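From first to last, the protein sequence lines stand for chains V and D.
So for the first sequence, this note's numbering puts the first residue at 1; every next one is plus one.
So for the second sequence, this note's numbering puts the first residue at 627; every next one is plus one.
Idealized CB from N, CA, C, for every residue including glycine.
On a predicted model such as this, the values are computed, not experimentally measured, just so you know.
Notes follow once the structure below has been shown.
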Amino acid sequence: MNSPRDFGPEPSARPVAPLAAVNDFVVKFANVNGSGSASANELFAKSILRMGVPVSPRNIFPSNIQGLPTWYEVRVSEQGWLGRRGGVDLLVQMNPQTWEQDLAEIEPGGYLFYDSSRPIPLSSFRDDIGIIGMPITEICNRTYSDSRQRQLFKNIIYVGALAAMLGIEPAVIEKLFGEQYRGKEKLLDANVKALHLGYDWAKNQGAPCGLRVQRADRVGDRIFLEGNAAAALGCVYGGATVCAWYPITPSSSVAEAFQKYCQKYRVDPDSKKNRYAIVQAEDEIASIGMVVGAGWNGARAFTATSGPGVSLMTEFIGLAYFAEIPVTIIDVQRGGPSTGMPTRTQQADVLACAYASHGDTKHVLLFPEDPAECFEFAATALDLADRLQTPVFLMTDLDIGMNQRLCAPLAWDDSRRYDRGKVMTALELEAGTDFRRYHDVDGDGIPYRTYPGTHPKRGGFFTRGTTRDSGANYSEKGPDYIYNVQRLLKKFDTARGLVPQPLLRESAEKTRTGVLYYGSTSPAMVEAIEELEASGTLLDAMRLRAFPFPESVRQFVLSHDQVFVVEQNRDAQLRSLLVNELSLDPARLIPILHYDGTPITARFIVDAIGEQRRGPNVVPLKEHAA
Amino acid sequence: MTYHAKPKLHHPSLARNAVGLTRRDYEGKVSTLCAGCGHDSISAAIIQACWELDVKPHRVAKLSGIGCSSKTPDYFLRNAHGFNAVHGRMPSVLTGANLANRELLYLGVSGDGDSASIGIGQFVHSIRRGVNMVYIVENNGVYGLTKGQFSATADQGSTSKRGVVNADQPIDLVGLALQLGASYVARGFSGDKQQLVPLIKGAIHHRGAAFIDVISPCVAFNNHAGSTKSYEYVRQHNEAVNRLDVIPCRSEISVEYPEGSVVEVEQHDGSVLRLRKLAAGYDPTDRAAALNLVLAHDSRGEVATGLLFVDSAAHDLHQHLNTTEVPFNRLDAAVLCPGAAALQRINEGLR
Ligand SMILES: Cc1ncc(C[n+]2csc(CCOP(=O)(O)OP(=O)(O)O)c2C)c(N)n1
Ligand code: SF4
Ligand SMILES: [Mg+2]
Numbered sequence: 001m002n003s004p005r006d007f008g009p010e011p012s013a014r015p016v017a018p019l020a021a022v023n024d025f026v027v028k029f030a031n032v033n034g035s036g037s038a039s040a041n042e043l044f045a046k047s048i049l050r051m052g053v054p055v056s057p058r059n060i061f062p063s064n065i066q067g068l069p070t071w072y073e074v075r076v077s078e079q080g081w082l083g084r085r086g087g088v089d090l091l092v093q094m095n096p097q098t099w100e101q102d103l104a105e106i107e108p109g110g111y112l113f114y115d116s117s118r119p120i121p122l123s124s125f126r127d128d129i130g131i132i133g134m135p136i137t138e139i140c141n142r143t144y145s146d147s148r149q150r151q152l153f154k155n156i157i158y159v160g161a162l163a164a165m166l167g168i169e170p171a172v173i174e175k176l177f178g179e180q181y182r183g184k185e186k187l188l189d190a191n192v193k194a195l196h197l198g199y200d201w202a203k204n205q206g207a208p209c210g211l212r213v214q215r216a217d218r219v220g221d222r223i224f225l226e227g228n229a230a231a232a233l234g235c236v237y238g239g240a241t242v243c244a245w246y247p248i249t250p251s252s253s254v255a256e257a258f259q260k261y262c263q264k265y266r267v268d269p270d271s272k273k274n275r276y277a278i279v280q281a282e283d284e285i286a287s288i289g290m291v292v293g294a295g296w297n298g299a300r301a302f303t304a305t306s307g308p309g310v311s312l313m314t315e316f317i318g319l320a321y322f323a324e325i326p327v328t329i330i331d332v333q334r335g336g337p338s339t340g341m342p343t344r345t346q347q348a349d350v351l352a353c354a355y356a357s358h359g360d361t362k363h364v365l366l367f368p369e370d371p372a373e374c375f376e377f378a379a380t381a382l383d384l385a386d387r388l389q390t391p392v393f394l395m396t397d398l399d400i401g402m403n404q405r406l407c408a409p410l411a412w413d414d415s416r417r418y419d420r421g422k423v424m425t426a427l428e429l430e431a432g433t434d435f436r437r438y439h440d441v442d443g444d445g446i447p448y449r450t451y452p453g454t455h456p457k458r459g460g461f462f463t464r465g466t467t468r469d470s471g472a473n474y475s476e477k478g479p480d481y482i483y484n485v486q487r488l489l490k491k492f493d494t495a496r497g498l499v500p501q502p503l504l505r506e507s508a509e510k511t512r513t514g515v516l517y518y519g520s521t522s523p524a525m526v527e528a529i530e531e532l533e534a535s536g537t538l539l540d541a542m543r544l545r546a547f548p549f550p551e552s553v554r555q556f557v558l559s560h561d562q563v564f565v566v567e568q569n570r571d572a573q574l575r576s577l578l579v580n581e582l583s584l585d586p587a588r589l590i591p592i593l594h595y596d597g598t599p600i601t602a603r604f605i606v607d608a609i610g611e612q613r614r615g616p617n618v619v620p621l622k623e624h625a626a
Numbered sequence: 627m628t629y630h631a632k633p634k635l636h637h638p639s640l641a642r643n644a645v646g647l648t649r650r651d652y653e654g655k656v657s658t659l660c661a662g663c664g665h666d667s668i669s670a671a672i673i674q675a676c677w678e679l680d681v682k683p684h685r686v687a688k689l690s691g692i693g694c695s696s697k698t699p700d701y702f703l704r705n706a707h708g709f710n711a712v713h714g715r716m717p718s719v720l721t722g723a724n725l726a727n728r729e730l731l732y733l734g735v736s737g738d739g740d741s742a743s744i745g746i747g748q749f750v751h752s753i754r755r756g757v758n759m760v761y762i763v764e765n766n767g768v769y770g771l772t773k774g775q776f777s778a779t780a781d782q783g784s785t786s787k788r789g790v791v792n793a794d795q796p797i798d799l800v801g802l803a804l805q806l807g808a809s810y811v812a813r814g815f816s817g818d819k820q821q822l823v824p825l826i827k828g829a830i831h832h833r834g835a836a837f838i839d840v841i842s843p844c845v846a847f848n849n850h851a852g853s854t855k856s857y858e859y860v861r862q863h864n865e866a867v868n869r870l871d872v873i874p875c876r877s878e879i880s881v882e883y884p885e886g887s888v889v890e891v892e893q894h895d896g897s898v899l900r901l902r903k904l905a906a907g908y909d910p911t912d913r914a915a916a917l918n919l920v921l922a923h924d925s926r927g928e929v930a931t932g933l934l935f936v937d938s939a940a941h942d943l944h945q946h947l948n949t950t951e952v953p954f955n956r957l958d959a960a961v962l963c964p965g966a967a968a969l970q971r972i973n974e975g976l977r
């Protein structure tokens, strides 16, 4: 058997002091895709959570299914920072293919934990890190005869060893096993056994590591889930009955989660029949077509997709805008085109969605910051689509969608009713209420509609794009067209007051510098603000949660000399939208852009703002008065 | 093209059907198509079929793509909701609408450009899903609305009005529908209303994907010598393989035919399709036989018309998806929303 130090340099030779940290470090797992590591890594993250210490894990995976590298990065932060930190303090290296690149990421003084079953030449190590080799394969081969078990339990064994090294209580992990394998005693026992194999080994070896997990009480009642699952659940709660979709990373798990929740909550207990329909369409054009058809016919419907899908949907999106049909689209954004970076995150569909389609179109966008808002905004999107009779986009991204994130518990008020918008009923039609499909009766730009089949004589109309008058009769007359598209603008104005409003976080002292951000930038931004504040840079911060922008956004920009707009795309897309829609002076809006496909970090924001900031940090009020 | 409302006064002698409506009540706006366009005859056949079957017009949803053919839903069933969608994508809109409310009758009207060219993917997939619908393609072999370009159903060797010869192989939507598992497949000719009306009626009574290809000459761009979709050509090459009578479930089967020449097919709703066989030995419940018949006629330059195939026990998309009987658009939060207590439990499982 190898000793942990057989193939590494002596720790005493390290030129850099070993890192020491309690509840504040980053562990990165380098694994091989398809090796069963995902659930073990999740177990590791969850066990730290159960010790009351916030974690934020992120999957970093290339577009492959099996045999290729995949990474899982866990940030442990008692302070509760959930953004990606950058850098790695402890690398769990289970994939020799990526040895070199992974080792290079370790912070000086950090640690490498690896499978030492096969000798690795001395020259492959760094001398400024601590090295812990564990003969994992050897232990597995000795313990298990079944090849599948040998593979799977490797993962549990390293979790056990890490628990010993970092001070994670094995009882916590055992409890998690108990929940996972309820009723499957054999599996439970086998996992507990593997855990202790690893744990005891590391305890006996005294594997030296300065990183510690210590019980705290910083998690509270928060929950831990992926944005895609949360959005799907929001669609269940929001009353969606039709889901039409076409598989595309990173959005597929929305439809899959919708299916899972519907099987649980949407089957009529008496008839055993489904109160939902999910169609995996032949492409995104058909997906959106089905959503349009269902919305037209009075059922709540949604599709989930990513950028390439939105591109295919744009003709229909324009029709739905002009024909005024409720549509909900969940866009889980990713990098680039179809052969772009499907497994990387970006906020790069903002303009494509805001102005999707031909003709004069613009659309409502919602920007959730985390899974809790994915849930809430999905239900809101379904309400808004009905209220406004228009397409509504839920703009999430891979970072929120496909990673488990600590967030507020999901909340639902049982007194909440679905807002089905202005739908004229058979009774109203029978009573002779004036019905003109595209007439602005209430002055808010929103007309009344009827569901097909409502009344034998009244309320029927022919749906088409714009060649019609306010009574839905065929018309190519200029004034009819203008009335119609002006009313659509008025409707968009109405939307400003109905969408989730921006949230303002004012600096402790008055400042002339502001920052605007949205969506998955949120956790990194919150951390950056504190860091900047600590170093004397004061910022008023506004988190945008929807487009069209309410008046408060313009006021915010006008009341600051300099406003940073932090986004995860190359072209400062939201900034363009702000300039275009609010007629703002572009010079006031300074783009801070992160777009390499990895989630933005607080470090990046702090550095970028530090470089760009002009003038003194604080403008004392008395100086102003003088 | 004139555009004016028709006088609403009904002639007292106009007969009323079982739901108290006259034929006029099934009409729509005045057509804006060219005089003599085959599509208008198909609209008339739809009106006739719906009136004869006592269909309540407002319980029909009319959906179409883009084209002259796709404009026609405005010209019949004025009290029904209509949807002129995007080019080639009627099937997906119809599928979604059908999922939202299974109680209406879904009538999809499309053109050969709409369904065989740009929209062939949606045609294919809506049929293989078994969407419960009547899908009519008004097939003239050209793009009428964009002024006479060949569509994908134009026969190889046929000439356009400008003298261009079509070199590409045609797509036969009937053959395709048969292969895709359509459970009711028919071909008609807009110039033969006697045959067409019962074909539409049979499709309305059918549960599942009912497809009717109707040859419908375009007098403006495809009615010249050298065209295989002209009135002249189809009249000469049309071979009706059977004549259909549709007997709704409540009527007695009284018509008598000579022994051996009739096939009766009972549909799921109890209605009976009675087929007078014209082609000897042809069995419309045999999918392979139907395909053979279509191919054999094709190779002779003939058009086989009539009810080519029917599977009266077919299942539709709602059955495949096991959806509730109550239309989705009538379900409310009380049955759709799992509620705060369930969410509480979900939260607990996520810690
Ligand atoms: C995306 C798109 N491309 C092109 C068109 C132009 N266009 C309108 S109708 C039509 C062809 C219609 O042909 P068909 O479906 O055979 O109908 P017909 O007019 O012959 O009845 C085309 C190409 C369009 N409306 N949309
Ligand atoms: S162009 Fe052809 S298809 Fe269009 S209306 Fe005229 S005859 Fe009919
Ligand atoms: Mg045509």
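Nearest to residue i (by Cα), restricted to the options the options
i, options, result
"V/Ile48", "V/Leu162, V/Asp383, V/Gly109 and V/Ile136", "V/Leu162"
"V/Asp268", "D/Ser897, D/Thr950 and D/Pro699", "D/Thr950"
"V/Pro54", "V/Ala534, V/Thr433, V/Glu324 and V/Gln214", "V/Gln214"
"V/Trp81", "V/Asp585, V/Ile529 and V/Pro591", "V/Ile529"
"V/Ile630", "V/Ala372, V/Lys184 and V/Phe125", "A query on residue 630 of chain V cannot be resolved here, the shown segment of chain V reaching from 1 to 626 and no further."
"V/Ile325", "V/Tyr114, V/Phe316 and V/Gln389", "V/Gln389"
"V/Leu584", "V/Asp561, V/Arg603 and V/Thr598", "V/Asp561"
"D/Asn792", "D/Gly852, D/Arg755 and D/Ile841", "D/Gly852"
"V/Arg118", "V/Asn141, V/Ile248, V/Gly453 and V/Ile482", "V/Asn141"
Within chain D, the residues that residue i reaches when beta carbons sit closer than 7 Å
i, result
"V/Trp201", "Correct list: empty, because the minimum Cβ distance to chain D is about 30 Å."
"V/Glu315", "Val712"
"V/Phe61", "Under the 7 Å cutoff, chain D gives no residues; its nearest Cβ is about 22 Å from V/Phe61."
"V/Ser271", "Thr950"
"V/Asp268", "Thr950"
Endpoints, alpha helix (DSSP H) assigned at residue i
i, result
"V/Lys491", "Gly478 to Leu498"
"D/Arg755", "Ile746 to Arg755"
"D/Met716", "Met716 to Ala726"
"D/Ser736", "No alpha helix (DSSP H) contains D/Ser736, which is instead part of the beta strand (DSSP E) from Leu731 to Gly737."
"D/Gln821", "Lys819 to His831"
"V/Arg405", "Careful: V/Arg405 lies outside any alpha helix (DSSP H), inside the beta strand (DSSP E) at Gln404 to Cys407."
Partner residues on chain V for residue i, Cβ-Cβ distance less than 8 Å
i, result
"D/Gln748", "Glu282, Ile285, Ala286 and Gly289"
Contact set between residue i and chain V, taken where Cβ atoms lie within less than 7 Å
i, result
"D/Phe954", "Thr241, Val242 and Ala299"
Chain D residues whose Cβ lies nearer than 9 Å to that of residue i
i, result
"V/His455", "His684 and Asn705"
"V/Ile223", "Ile972, Asn973, Glu974, Gly975, Leu976 and Arg977"
Opening and closing residue of the beta strand (DSSP E) in which residue i lies
i, result
"V/Leu394", "Pro391 to Asp397"
"D/His941", "That residue, D/His941, is in no beta strand (DSSP E); it is neither H nor E in DSSP."
"D/Ile838", "Ala835 to Ile841"
"V/Cys243", "Val242 to Trp245"
"V/Ile65", "Counting along the chain, V/Ile65 falls outside any beta strand (DSSP E), and DSSP gives it neither H nor E."
Cross-chain neighbours of residue i in chain D, by beta carbon under 8 Å
i, result
"V/Tyr237", "Cys963, Pro964 and Leu969"
"V/Asp413", "Ala966"
| field | Test item, CB below 5 Å from any non-hydrogen atom of ligand 2 | value | D/Leu659, D/Cys660, D/Cys663, D/Cys694, D/Gly770, D/Cys844, D/Val845 and D/Ala846
| Which residues, in chain order, does the segment 717-738 of chain D contribute to contact with chain V at a C-beta distance below 9 Å? | Pro717, Ser718, Val719, Leu720, Thr721, Gly722, Ala723, Asn724, Leu725, Ala726, Asn727, Glu729 and Leu730
| Under 8 Å (Cβ pairs) to chain V, residues found in the segment 827-840 of chain D | none
| said: Taking beta-carbon pairs under 7 Å, can you tell me which members of the segment 126-148 of chain V lie near chain D? | reply: none
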